[in-house]
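Visitor:
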Amino acid sequence: MERPSYRTLSVGARALLFELKALYHGRNNGELFLSIREAADRLDTKSTNSVMDWFWELQDRGWIKPRVPVGFNQKSAARARMATCWTITEYPTAGSAPTREFVTWEGPPTERTKTIRRSSTNDRLSSTRDTL
-19 MERPSYRTLS
-9 VGARALLFEL
1 KALYHGRNNG
11 ELFLSIREAA
21 DRLDTKSTNS
31 VMDWFWELQD
41 RGWIKPRVPV
51 GFNQKSAARA
61 RMATCWTITE
71 YPTAGSAPTR
81 EFVTWEGPPT
91 ERTKTIRRSS
101 TNDRLSSTRD
111 TL
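First residue of the sequence shown? That's -19 in this note's numbering, and the numbers climb one at a time after it.
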């Protein structure tokens, strides 16, 4: 807990790390499924944007990494409505030693690039305004 990789985490990211650790039972590292919405429910917040930021913090500092990333843009029948599968780097996975990337992290934190999505309505209006 005295490492810079932990001390620089926000309170929300620390709570999320404990929620991920609560899913771990000794042999299932790399099989920890937790979606952003489910994490928001577990952390009693309505802000999925904050939860995304907390996942980013944990990945940036080396505490977790996605084993099987999933999202809304990956909608095959086999992966529909499936949460991202996480690995906690502090614990071993089946056949592998723990990687513990958080031990060597010294900072500074990497800025997460946020995308601003515009609705198709706004796109049509902006193109109309540009031509007037």
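Don't be surprised by glycine CBs; every beta carbon is placed ideally from N, CA and C. Every value quoted in this text rests on a predicted model; they were computed, and no experiment measured them.
Return the chain-ordered list of same chain residues with a C-beta closer than 6 angstroms to the C-beta of TRP85, the five sequence neighbours on each side being excluded.
Guide: These residues qualify, in order along the chain: SER(-15), ARG41, GLY42.
Visitor: Can you list, in chain order, the residues of its chain whose CB lies under 6 angstroms from that of ARG92, leaving out five sequence neighbours each side?
Guide: TRP36
Visitor: Quick one: grab the DSSP three-state call for THR175.
Guide: Any property of residue 175 remains undetermined from this structure, which presents the chain solely from -19 to 112.
Visitor: Rank THR73, PRO88, GLU(-18) by C-alpha distance to the C-alpha of ILE44 and give the top, closest one.
Guide: The shortest Cα separation from ILE44 among THR73, PRO88, GLU(-18) belongs to THR73.
Visitor: Within this structure, are the beta carbons of THR64 and PHE13 separated by less than 9 angstroms?
Guide: yes
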